[in-house]
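Enquirer: In this text, residue positions in the sequence shown follow this note's numbering: the first is 214, and each later residue adds one.
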Amino acid sequence: MNSRRLVDIVFDNYLPPRPPLHVESDDKREEYKYGDIVGAGVRIADWRDFYTIGGPFKRRAKEDVLDWAERIDIESYVWPNPYREALRATTAFKERVAPYTRDRFIVFKVLGPTETSEAFFAPGVSKGEEVAHCLDFALFLKLNKVKAIKLYNRVAQIILEVVKAGAELDEVDAVRIADDVAEYTGLLYYKWFVEEHYLPWHRKLANAIKKRGKRAILHCDGNIMVIGLLSKLSEIYDGLHPLDLYPRHTLQDAEEWMKRVLQARAQCGWHLVYFTGIPLELLFSMEVKPLRLKRFVSKFLQLHGLRKLVLATTHSPYPGRSYKEPAVKRRLRGIVEMVKPS
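1) Could you say which of Val-510, Ala-479, Ala-380 and Ala-540 lies nearest to Glu-500 if we only look at CA atoms?
2) Would you mind sorting Met-438 into buried or exposed? The rule is 16 or more other CB atoms within 10 Å of its CB.
3) In the structure shown, what three-state DSSP assignment does His-410 receive?
4) Using beta-carbon positions only, say whether Lys-322 and His-432 come within less than 9 Å of one another.
5) Specify the secondary structure class of Lys-358 as computed by DSSP and reduced to three states.
6) Of the residues Leu-356, Pro-326 and Ile-422, which one's Cα is nearest the Cα of Asp-383?
7) Please report whether the beta-carbon of Lys-424 lies at a distance below 9 Å from any beta-carbon of chain B.
8) Quick one: Cα of Arg-309 to Cα of Ala-479, how far?
9) Taking only three categories from DSSP, how would you classify Gly-337?
10) What is the DSSP secondary structure of Phe-270, reduced to helix, strand or coil?
11) Residues in its own chain within less than 6 Å of Ala-361 by CB, not counting five upstream and five downstream?
12) Would you list the one or two residues that DSSP bridges to His-235?
13) Taking the continuous beta strand (DSSP E) assigned at Phe-497, which residues delimit it?
14) Evaluate Pro-554 with the Cβ neighbour count: other Cβ atoms within 10 Å of its Cβ, from every protein chain shown; 16 or more gives buried, anything less gives exposed.
15) State the DSSP-derived secondary structure class of Ala-391, mapped to helix, strand or coil.
16) Give, in chain order, every unbroken run of the alpha helix (DSSP H) that is at least 4 residues long and sits entirely within the segment 418-498.
17) How about Ser-529 and Glu-328: do their beta carbons lie closer than 9 Å?
18) Is it buried or exposed, Lys-280, if we count other Cβ atoms within 10 angstroms and call 16 or more buried?
19) Among all the DSSP beta bridges, which residues are the ones paired with Leu-400?
20) Return the chain-ordered list of same chain residues with a C-beta closer than 8 Å to the C-beta of Arg-505, the five sequence neighbours on each side being excluded.
21) Would you tell me roughly how many angstroms separate the C-alpha atoms of Ala-269 and Asn-357, rounded to the nearest one?
22) Taking contact to mean at least 3 C-beta pairs separated by less than 8 Å, is the segment 298-309 in contact with the segment 219-232?
23) So what does Phe-306 bridge to, in DSSP terms?
24) Quick one: what does DSSP say Glu-550 is sitting in, helix, strand or coil?
25) Given this structure, state the Cα-to-Cα distance separating Tyr-245 from Asp-466, to the nearest angstrom.
26) Quick one: residues in its chain with C-beta nearer than 7 Å to the C-beta of Glu-381, no 5 flanking neighbours on either side, listed in chain order?
27) For the putative contact between Leu-519 and Leu-228, defined by C-beta atoms under 8 Å, what is the C-beta separation to the nearest angstrom?
28) Alpha carbon to alpha carbon, how far is Gly-267 from Lys-512? Give it in angstroms, no decimals.
29) Out of Phe-318, Asp-221, Thr-527 and Ser-535, which has the shortest C-alpha to C-alpha gap to Val-251?
30) Report all residues from its chain with a CB closer than 7 Å to the CB of Ala-258; omit the five preceding and five following residues, and keep chain order.
31) Excluding the 5 residues flanking Tyr-296 on each side, which residues of the same chain have their C-beta closer than 7 Å to its C-beta?
32) State the start and end residues of the unbroken beta strand (DSSP E) segment that holds Ala-253.
33) Return the CA-CA distance between Ser-535 and Ala-391, expressed in angstroms with no decimal places.
34) According to DSSP, is Val-510 helix, strand or coil?
35) Tell me which residue opens and which closes the alpha helix (DSSP H) that Lys-241 is part of.
In structure tokens:
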């Protein structure tokens, strides 16, 4: 069966002959080779580079936080033209996915307003360091709510225009917004911010996607069961990735994670398609043998069932790691061959 049709069957709440597979990778050839979905991210005015080079509103070395919050002038930044950025983003996206559009389900991926706002305050990293979320936007939100929300709205409005443009593309089947708002222990931001700004903006984004006949998907890390967030998101989005409700560093941890994902499904119903089931931590763990991982994924499929599920890796490979590593490749191929028998 055509991969695009297979994924559509899952979104339309029919039982597929097998679970669709999404092996997320920065290398689109690998996504095409192993799975049914190819997704490509787009850049907006190179904002994502702020995480590595530092954002325009980052704190200076040894700067007092109150002085920093007072110094920030939102209008001092030269804001890009939303329509020009939408054109740039969609043009680059079309070129990147062109080889895969004939028979794969294509996802247009955008960094959401919350993570992008954090990028504006990112300190940057030195060569060889990994990018980390320092959450200085969350701190700025505490110190100067008015300025922070003004920034958030400006960022979100530009992202909305890019999302609209992406959803208009004939090649695109779904738009995925990546916007973390939680960690394992709970929310990263104030409850009022999530309820009054995060959720309303995501409703606008998802509505813009659905209005153009495309599926709306959210990537959000952390335990989103807090404050009934998963239930609220299920009213907004069509799909959710990666159901990162609990750490998965060992098989024992992963068993607990599986239990929580199944509990989340039972509590929140079948509105959402879950994109999950292959913990990246286990895929890259030298302690987990291929057969054990294959059995774990098989158990997940049996307990969850094929309804409203895309079997997906929880993330792309870690920086510096690859599916081409022999041990990792063996684990991955075991899962792929189980799901997609020749």
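All C-beta atoms in this analysis are idealised placements derived from N, C-alpha and C, irrespective of residue type, glycine included.
Expert: So, to answer that:
1) Ala-540
2) buried
3) helix
4) yes
5) helix
6) Ile-422
7) The chain labelled as chain B is not found in the depicted structure, where only one protein chain is given.
8) 38 Å
9) coil
10) coil
11) Phe-353 and Leu-354
12) Ala-525
13) Phe-497 -> no beta strand (DSSP E), and no H or E assigned at all.
14) exposed
15) strand
16) 442-447, 464-481 and 493-496
17) no
18) Rather than Lys, the amino acid found at residue 280 in this sequence is Asp. The residue in question, Asp-280, is exposed, as its Cβ has fewer than 16 Cβ neighbours within 10 Å.
19) Ala-395
20) Leu-464
21) At residue 269 the sequence reads Pro, which differs from the Ala that was named. Spanning the two alpha carbons is a distance of roughly 17 Å.
22) no
23) In DSSP, Phe-306 forms no bridge with anything.
24) helix
25) 30 Å
26) Arg-425
27) 6 Å
28) 43 Å
29) Phe-318
30) Pro-293 and Glu-298
31) Glu-374
32) 250-254
33) 22 Å
34) helix
35) 241-247
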